[in-house]
Amino acid sequence: MSTDHSAYLASIGMEEPFINRVIQICDRFRNLTNIDIEDIFVSEYINDEGNRVYEDLRIFASGWIAEADQFLSNDELFFTNIDELQSVGLSISSKDFDFGSTSSSSRLTARLLYTGDFYISFKSSEENCQNLVSIIRKYLLKSDSSC
Amino acid sequence: MAREKPDTIKAYLKWLRQDHGVSRTSLNFHYYTSVTGAISRTIKNSPFWQSLTSDFKRIGQDYYVKQGYDLFISDPPHILHIKPHDSFIKKTYRLNVLHNEKWDQCPTEGWILPGNWYSRINDVIRTYFVVKYLDGVKFLSDCVESHAAVFGLPYKVDYESKEEGYYAAHGYTALECEVPNEDWDTRRVTTTLEIQISTQLQDVIRSLLHKYYEDRRMKQIEEEIKWQWDYTSDEFSANYLGHILHYIEGMIMEIREKQKEDA
Chain A
4 MSTDHSAYLA SIGMEEPFIN RVIQICDRFR NLTNIDIEDI FVSEYINDEG
54 NRVYEDLRIF ASGWIAEADQ FLSNDELFFT NIDELQSVGL SISSKDFDFG
104 STSSSSRLTA RLLYTGDFYI SFKSSEENCQ NLVSIIRKYL LKSDSSC
Chain B
9 MAREKPDTIK AYLKWLRQDH GVSRTSLNFH YYTSVTGAIS RTIKNSPFWQ
59 SLTSDFKRIG QDYYVKQGYD LFISDPPHIL HIKPHDSFIK KTYRLNVLHN
109 EKWDQCPTEG WILPGNWYSR INDVIRTYFV VKYLDGVKFL SDCVESHAAV
159 FGLPYKVDYE SKEEGYYAAH GYTALECEVP NEDWDTRRVT TTLEIQISTQ
209 LQDVIRSLLH KYYEDRRMKQ IEEEIKWQWD YTSDEFSANY LGHILHYIEG
259 MIMEIREKQK EDA
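Chains as they are written, first to last, in this note's numbering: chain A, 4 to 150; chain B, 9 to 271.
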């Protein structure tokens, strides 16, 4: 995992134990696939107590998205080839975010829909909304020709 | 024949002044406030406290990675509580007089007097953390101990289990502070920071139990009926509630561990 990725994780409030967990998963991905990781995204939300809850990790590499749902406690990896899979659409919802600057109340979720009622979801809050915008532009809109 | 114990705080304060030459200043509320204020500020600005309180997020994430559950309900507040003046005086009264089995001689570890009482009373400054689960108590205490060790501070922990149904870890570390003297010069004292760690269920009944615990501590006379047999008393319900909640927390841990095994 690159220093940029570590910096990204720190920017969304992760400390060493959680960052090490992400590193562990990325290492597993690399050991299995032998593919370099281009980007990572942590799907997270802010709960009623105002705490950030980290849910899922998404790894982007050579047209693949590896999903690690509930990554802090789960070792399962699910691979999707976004270059080859037929996407149906991309659903976006946002709150207090106009895809420019973020605030503490900014929220952005995205759902990439595939045939067979299959989807990949992404959740973000605060500054992580900007990261999700980058992911959407680079990987989701690029691969979703029907959008 | 031993002289009679002072049976009121007023009599105790008179005994301190007459028998031990304790000055009115050292017993004074304003002087106490200035000393404890200085101690509290020293602790708050200490590298140990700064390091510990800025590390809570990492500690919480470490626990989550290991256990799969949150350590804290929410970000723990970083509050240092100063023991109220009257509670402080009452505590010295209990130690010097009420619970002094050697009365009217000094207790085994010596009289607790203004020259040493900010060091001898171990909860002048106290902080309090609440964790979600029973195993979180030891986990957090171990983390506090690690932080104390980094700064060369001693640390000891007592896992309290009182018959009144009170369960919590009381950790103690010692820090050196500069405090105003009675003549407003300064002197150095080594004082203790008490770190109480409790579970959220115990926290719920804490204030309820504390009332009965305080009342009991100030009593000299043996009760006719022990509270454990006086099922009509509020104390009976409150104290056994504390024990039941502790048992429930143990059961919760058992279920949690079983779920992990089954997963």
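C-beta atoms are modelled at their ideal positions from N, C-alpha and C, and glycine is treated no differently.
Just so we're clear, the structure is a prediction, and the values are computed from it rather than from any experiment.
For R31 (chain A), no CB of chain B lies under 8 angstroms from its own CB, so it is not counted at the interface with that chain. The Cβ of L75 (chain A) sits closer than 8 angstroms to at least one Cβ of chain B. Distance check between R66 (chain B) and each of B:P55, B:F56, B:S54, B:F80 places B:F80 closest, using alpha-carbon atoms only.
Beta-bridge analysis with DSSP links P188 (chain B) to B:T194.
DSSP places N134 (chain A) inside the alpha helix (DSSP H), whose first and last residues are 131 to 138. Assignment of beta-bridge partners to G179 (chain B) by DSSP yields B:V165, B:I203. Assignment of R114 (chain A) by DSSP, reduced to helix, strand and coil, places it in the strand class. Distance between E19 (chain A) and I260 (chain B), taken at the CA atoms: about 28 angstroms. By the criterion of a C-beta distance shorter than 6 angstroms, S46 (chain A) is surrounded in its chain by E58, D59, F125, K126, once the five residues flanking it on both sides are discounted.
Distance between D143 (chain B) and A177 (chain B), taken at the CA atoms: about 11 angstroms. Identification of chain B residues near R24 (chain A) by a Cβ-Cβ cut-off of 7 angstroms yields V73, ordered along the chain. In the DSSP assignment, I47 (chain B) falls within the alpha helix (DSSP H) that extends over 37 to 53. Runs of the beta strand (DSSP E) lying entirely within the segment 68 to 120 of chain A, each at least 3 residues long, are 81 to 84, 90 to 98, 110 to 117 in chain order. In the displayed model, T6 (chain A) falls within a helix according to three-state DSSP. Measuring C-alpha to C-alpha distances from A64 (chain A) to each of A:N23, A:S128, A:E129, A:I43 identifies A:I43 as the nearest.
CA-CA distance, F244 (chain B) to E79 (chain A), rounds to 51 angstroms. Between P55 (chain B) and F137 (chain B), the gap from beta carbon to beta carbon reaches 8 angstroms or more. Boundaries of the alpha helix (DSSP H) around E262 (chain B): 242 to 270.
In this structure S206 (chain B) is not in contact with I133 (chain B), their Cβ atoms being roughly 17 angstroms apart against a cut-off of 8 angstroms. The C-beta of L35 (chain A) has fewer than 16 other C-beta atoms within 10 Å across all chains shown, which makes the residue exposed.
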